[in-house]
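Undergrad: Chains as they are written, first to last, in the numbering used here: chain B, 1 to 136; chain W, 1001 to 1136. Where a beta carbon is used, it is the ideal one built from N, C-alpha and C, also for glycine. Before I ask anything, let me first share the structure, which is written out below as structure tokens.
Number of protein chains: 2
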Amino acid sequence: MKKNSGSNRYDLELLFSALADRTRLRLLNLMGDTEVCVCFFVEVLGVPQPKVSRHLAYLRKAGVVEARREGKWMHYRIIPPGDERAARVFMEVRAWLAEEDQMREDRSKLMNVCCSPIVPLRLMGAPKPTRLAPEG
Amino acid sequence: MKKNSGSNRYDLELLFSALADRTRLRLLNLMGDTEVCVCFFVEVLGVPQPKVSRHLAYLRKAGVVEARREGKWMHYRIIPPGDERAARVFMEVRAWLAEEDQMREDRSKLMNVCCSPIVPLRLMGAPKPTRLAPEG
DNA sequence: AACTCATATTCAAAAAATCGAATATGAGAA
DNA sequence: TTCTCATATTCGATTTTTTGAATATGAGTT
């Protein structure tokens, strides 16, 4: 991955590189405005766990998500960029994302997986996605 | 370069891949709302001509710029995406771009090069950047 | 036709990104 | 401590992207 040059406030290419990959876009879309446990990403996207982990690390290094540990589980959430311009772009991108068919499907799959009474083996006892407090 | 999958209206990754490169961002920034001749890109960015040409081709394939021939010169201009979401993101990105130091420098260098009475050899007789008509 | 000039393309090498497979880490349970 | 489970990281291989150098194209000029 590219390094953040740090010359200006926010690295444009770093952000766009982060957004230039389907798996990472799907991860961001799933986070939406909730904090999501890694195991749900693996379940919903149906990709190998190390792959999910690697892409989450990429997003972390790009500064767009943050992780929180809870026991053995890790929760990821989006952190909007501090820079105003960057934040606006990022917001628009997420709104755009949300309209794509695959992204819609992913979100409804997440809904099913976490709200259904029949829980997949993999997710027994996993902490469900929790809506984040509106910023303020 | 990635291919446009065509499933949905506009390919997100294709756009972000196009934006995930310094040279291409600088080219877009220089175009702003004017049509610019390739020779000016070469002069202002100070990079080899084939490199400029290749990146312009990339932007063309990504559908964000269009070329117009005028004799032996080629003019490039930005074409905002047809999709409303995409257009908004793209607009925000350009506004953000314009605030970066390097981008500012590039633009002022372009100003100097095309308005100064002392024209570099390379640009003798080259058609100057022309402001595009406001869309409508 | 031949020549010049601006731009585009090809080519092979270098650099970077991505991947699956295996392994490491680190927290809780026993 | 050892064991298990969720997640992270490393490894080497594959694929993709980017590059400089050389060459091709294509329009005007002579």
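DSSP three-state call for glutamate 99(B): helix, strand or coil?
TA: Start at 1 with the first residue of the first sequence, and residue 99(B) comes out as number 99. Of the three classes helix, strand and coil, the one that applies to glutamate 99(B) here is coil, per DSSP.
Undergrad: Quick one: what does DSSP say valine 65(B) is sitting in, helix, strand or coil?
TA: Here residue 65(B) corresponds to residue number 65 of the first sequence, with the count starting at 1. Correct three-state label for valine 65(B): strand.
Undergrad: Mind listing which residues of the segment 1015-1031 of chain W have their C-beta closer than 9 angstroms to chain B's C-betas, in chain order?
TA: Flagged, chain order: Leu1015, Phe1016, Ser1017, Ala1018, Leu1019, Ala1020, Asp1021, Arg1022, Leu1025.
Undergrad: Flag alanine 62(B) as yes if its beta-carbon sits less than 8 angstroms from any beta-carbon of chain W, otherwise no.
TA: As a first step, residue 62(B) must be located in the first sequence, where it is residue number 62. Taking Cβ atoms only, chain W never reaches closer than 8 angstroms to alanine 62(B), which makes this a no.
Undergrad: With distances taken Cα to Cα, identify the nearest neighbour of histidine 75(B) among Gly82(B), Leu56(B), Met91(B), Val93(B).
TA: If you number the first sequence from 1, residue 75(B) lands on position 75. Ranking Gly82(B), Leu56(B), Met91(B), Val93(B) by Cα distance to histidine 75(B) puts Leu56(B) first.
Undergrad: For valine 1047(W), which residues in the same chain have their Cβ closer than 8 angstroms to its Cβ, ignoring the five residues on either side in sequence?
TA: Here residue 1047(W) corresponds to residue number 47 of the second sequence, with the count starting at 1. So the qualifying residues of the chain are Thr1023.
Undergrad: Who are the Cβ neighbours of arginine 104(B) in its own chain at under 8 angstroms, not counting the five residues just before and after it?
TA: In the first sequence, counting from the first residue as 1, residue 104(B) sits at position 104. Excluding positions up to five away in sequence, the list reads Ala98.
Undergrad: Are three or more beta carbon pairs between the segment 1009-1022 of chain W and the segment 1061-1070 of chain W nearer than 8 angstroms?
TA: Yes: at least three Cβ pairs fall under 8 angstroms.
Undergrad: By the 10 Å Cβ neighbour count, where 16 or more other Cβ atoms means buried, how is alanine 95(B) classified, buried or exposed?
TA: Taking the first sequence and counting its residues from 1, the one referred to as residue 95(B) is at position 95. With fewer than 16 Cβ atoms within 10 Å of its Cβ, alanine 95(B) is classed as exposed.
Undergrad: I need the straight-line Cα distance from arginine 1131(W) to proline 80(B), nearest angstrom please.
TA: For the purposes of this step, residue 1131(W) is taken as residue 131 along the second sequence, with counting starting at 1. For the purposes of this step, residue 80(B) is taken as residue 80 along the first sequence, with counting starting at 1. The alpha-carbon atoms of arginine 1131(W) and proline 80(B) are separated by roughly 35 angstroms.
Undergrad: For valine 36(B), which of helix, strand or coil comes out of DSSP?
TA: Start at 1 with the first residue of the first sequence, and residue 36(B) comes out as number 36. Valine 36(B) falls in the strand class under three-state DSSP.
Undergrad: Contact criterion: CB-CB distance below 8 angstroms. Does glutamate 105(B) meet it with respect to chain W?
TA: In the first sequence, the residue the question calls residue 105(B) occupies position 105. Judged by the 8 angstroms Cβ criterion, glutamate 105(B) is not in contact with chain W.
Undergrad: Could you pull the start and end residues of the beta strand (DSSP E) that arginine 1022(W) belongs to?
TA: Taking the second sequence and counting its residues from 1, the one referred to as residue 1022(W) is at position 22. That residue, arginine 1022(W), is in no beta strand (DSSP E); its alpha helix (DSSP H) goes 1022-1031.
Undergrad: Which residue's Cα is closest to the Cα of leucine 1028(W): Met1111(W), Tyr1010(W), Cys1114(W), Met1091(W)?
TA: Reading the second sequence from its first residue, position 28 is the one you call residue 1028(W). Looking at the Cα atoms, Met1091(W) is the closest of the given residues.
Undergrad: Among Arg1054(W), Pro1120(W), Pro1129(W), which one has its Cα closest to the Cα of arginine 1077(W)?
TA: Taking the second sequence and counting its residues from 1, the one referred to as residue 1077(W) is at position 77. The candidate whose alpha carbon is nearest that of arginine 1077(W) is Pro1129(W).
Undergrad: Please report the straight-line C-alpha distance between glycine 1071(W) and glutamate 1043(W), rounded to a whole angstrom.
TA: Your numbering for residue 1071(W) matches position 71 in the second sequence. Your numbering for residue 1043(W) matches position 43 in the second sequence. Approximately 19 angstroms, taken between the alpha carbons.
Undergrad: Could you tell me whether the Cβ atoms of aspartate 101(B) and arginine 26(B) are closer together than 8 angstroms?
TA: Start at 1 with the first residue of the first sequence, and residue 101(B) comes out as number 101. Start at 1 with the first residue of the first sequence, and residue 26(B) comes out as number 26. No; because the gap between Cβ atoms is not below 8 angstroms, this pair is not in contact.
Undergrad: Give the DSSP-derived three-state secondary structure of tyrosine 1058(W) in the structure shown.
TA: In the second sequence, the residue the question calls residue 1058(W) occupies position 58. Note: tyrosine 1058(W) maps to helix in three-state DSSP.
Undergrad: Do you know whose CA, among Glu84(B), Ala87(B), Val38(B), lies nearest alanine 67(B)'s CA?
TA: By one-based count along the first sequence, residue 67(B) stands at place 67. With distances taken between Cα atoms, alanine 67(B) lies closest to Val38(B).
Undergrad: Have a look at valine 1036(W) and glycine 82(B) and give me their C-alpha separation to the nearest angstrom.
TA: Translated into the one-based positions of the second sequence, residue 1036(W) becomes position 36. Translated into the one-based positions of the first sequence, residue 82(B) becomes position 82. Looking at the two C-alpha atoms, the distance is approximately 33 angstroms.
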